[in-house]
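J.:
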Amino acid sequence: MSNKKSVHPFHYSGKKNIVHRLMDFGIPLLLFWLFFQLYNFGKISPSEMVKTTGLLSISLLGLTLAVGPLSRVFPALDFLKTHRKVWGILSFVIAFVHVSLVFIYFYKFNLYRFIDTSNPKYTGILSGLMALGILALVTLTSTKKALESLSPNTWKTIQTTSYLALGLALMHFFLMEQVDGNLVIKRLLGQITFWFSAVVLALRVIIFFLPSKK
Numbered sequence: 014m015s016n017k018k019s020v021h022p023f024h025y026s027g028k029k030n031i032v033h034r035l036m037d038f039g040i041p042l043l044l045f046w047l048f049f050q051l052y053n054f055g056k057i058s059p060s061e062m063v064k065t066t067g068l069l070s071i072s073l074l075g076l077t078l079a080v081g082p083l084s085r086v087f088p089a090l091d092f093l094k095t096h097r098k099v100w101g102i103l104s105f106v107i108a109f110v111h112v113s114l115v116f117i118y119f120y121k122f123n124l125y126r127f128i129d130t131s132n133p134k135y136t137g138i139l140s141g142l143m144a145l146g147i148l149a150l151v152t153l154t155s156t157k158k159a160l161e162s163l164s165p166n167t168w169k170t171i172q173t174t175s176y177l178a179l180g181l182a183l184m185h186f187f188l189m190e191q192v193d194g195n196l197v198i199k200r201l202l203g204q205i206t207f208w209f210s211a212v213v214l215a216l217r218v219i220i221f222f223l224p225s226k227k
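Per my numbering, the sequence shown runs over residues 14 to 227.
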């Protein structure tokens, strides 16, 4: 019997060089700058920052989840897997900031407004909170201790729920921005974010039906 310890799928650890560290945080900062300049047009207000943090979280999660399918199709992109953990955690942190801004500036510290079923946007709010909860679970199980205590299959299953979180986040986006049942996104960068994330989900479904690697 082999005593070799099981290795968790897609677990990329080890020391990172300066280039890797720059990509870990440089890409999220670049995305933030793009949204701040091209979506907010440099304006700082509660409303604009709520939108910026929401779009940044979705786009960063979409980018994180795109790495796996893309590296499957284009092996040259396999090196991006080493950045998924940081990008995924940051997408949760930014989503938490997004919800906190809503709680402070729009709900005036009133938690009941998150569960007010009479609110016409209740389903959209609920889907956003569910996405946040899933991302919290994924983030908590991304620690070294969790990796060592969970079986590879259990760990992978939990991490895979990130796609469900992205789907719920897109539902939140759609329901909060819809007008008379139609999605209305006036700014181009918002449209790109929504459709890019939708393509990531579709790509994941396609990859699921492809033959597994030997």
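Even glycine gets a Cβ: it sits at the ideal position worked out from N, Cα and C.
1) Find the nearest neighbour of Y176 within the set T206, F187, L139 and R217, judged by alpha-carbon distance.
2) Check the C-beta distance from S140 over to H111 and give it rounded, since I have them as a contact under 8 Å.
3) Quick one: is I147 buried, meaning 16 or more other Cβ sit within 10 Å of its Cβ, or exposed?
4) So, with DSSP's three-state summary, where would you put K18?
5) Of the residues I138, L188 and T154, which one's Cα is nearest the Cα of I102?
6) From T136 to S60, what does the alpha carbon distance come to, in whole angstroms?
7) So, using beta-carbon positions, are T66 and F49 closer together than 8 Å?
8) Could you tell me the alpha carbon to alpha carbon distance between A79 and V86, rounded to whole angstroms?
9) Let's test the definition: count the other Cβ atoms within 10 Å of the Cβ of P41 and tell me whether it reaches 16, buried, or not, exposed.
10) Given a cut-off of 8 Å, decide if L93 and S104 are closer than it, judged by their beta-carbon atoms.
11) Between the alpha carbons of R200 and Y52, how many angstroms are there, rounded?
T.: The answer reads as follows:
1) R217
2) So it is not a contact: roughly 13 Å between Cβ atoms.
3) buried
4) Legend: pLDDT at K18 = 41, less than 50; position of this residue unreliable, value from coordinates given subsequently. Residue state, collapsed to three classes: coil.
5) T154
6) 20 Å
7) no
8) 11 Å
9) buried
10) no
11) 7 Å
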